[in-house]
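**Student:** Okay, so the sequence shown: first residue is 499 according to the numbering used here, each after it adds one. I have a structure here, written as C-alpha cells, and I will follow up with some questions on it.
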Amino acid sequence: MVCKKLLRVAQMSSADVSRAQTWADDLIRWEAAGWGDAGNAMRRVATRARVPFSKLWALKYRPPKEIASHVLSRLEAVHAAERERQLRKLADEASLTATVAGPDHAAVRAAEALLRAVDGAAVEPGPDVASAPVGPAARRPRRTAASDLTELPLFAAMEPRP
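Take a look at the structure:
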C-alpha cells in the first residue's frame, strides 16, 4: 500500500517536471532573440515569472526529480499569459493582413483556422490553407524577368519615339 502511494507521488512529480520543462522551454524560446541569447532570455523569464534562475537552468539542462508547486504554478501562469499575448498578436496581424490583402488571402485563412482551433472548435485546414507557401517558397524572387523591366515607365521614356 505504501509503495503504491509513493509510486503515484513519483509519477505525478515526474509529470509535473515534464510539464514545467515544456513551459520553461517554450518561454525561453519565445523570449530569445537568437542562438546566443538563451542565457539572457532565461534570466528575463526568471525575473518575469519570479522564479530563481537556477530553477530554470535546472529545468533546461538538468531536470530535477521533483518540482516545487509554487514554481510550477508561476511557470504555468506566465506561459498562459504569454500564449494569450501571442494569440492576440496573431489576431491583430490577421486583421491587418485581411485589410491589406483581403479576407480570402491564404495567410488570413490559416491564421483564422488556427485561432478557431485554439478556441476549442478544432478546424482542419482546407487545401487552400495547407498549400500556402511557407519558407523560401513564400519569398519573392530577387531578380525580375527582363520583360518586366522593359515595361517600366522610365525605360519606355528612354527609348526614342518613332
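Note that CB positions come from ideal geometry on N, CA and C, so glycine has one too.
#1: Does P548 come out as helix, strand or coil in the three-state DSSP assignment?
#2: Which residues in the same chain as P561 place their Cβ atom closer than 7 Å to its Cβ, once the five residues preceding and following it in sequence are excluded?
#3: Tell me whether the beta-carbon of K558 lies closer than 8 Å to the beta-carbon of D523.
#4: Note down the Cα distance separating A578 from A599, rounded to an integer number of angstroms.
#5: What is the DSSP secondary structure of K563, reduced to helix, strand or coil?
#6: Could you give the distance in angstroms between the alpha-carbon of E574 and the alpha-carbon of W521?
#7: Could you spell out the range, first to last residue, of the alpha helix (DSSP H) harbouring A609?
#8: Report the rounded CA-to-CA distance for R546 versus W533, giving the unit in angstroms.
#9: Rank S512, R548, V616, M540 by C-alpha distance to the C-alpha of R586 and give the top, closest one.
**Tutor:** This is what the structure gives:
#1: Sequence check: residue 548 is Arg here, not Pro. Coil at R548, not helix or strand.
#2: V515, Q519
#3: yes
#4: 31 Å
#5: Correct three-state label for K563: coil.
#6: Here the alpha carbon of E574 sits roughly 7 Å from the alpha carbon of W521.
#7: Residues 604-616.
#8: Whole-angstrom Cα-Cα distance: 21 Å.
#9: The option with the nearest alpha carbon to R586 is V616.
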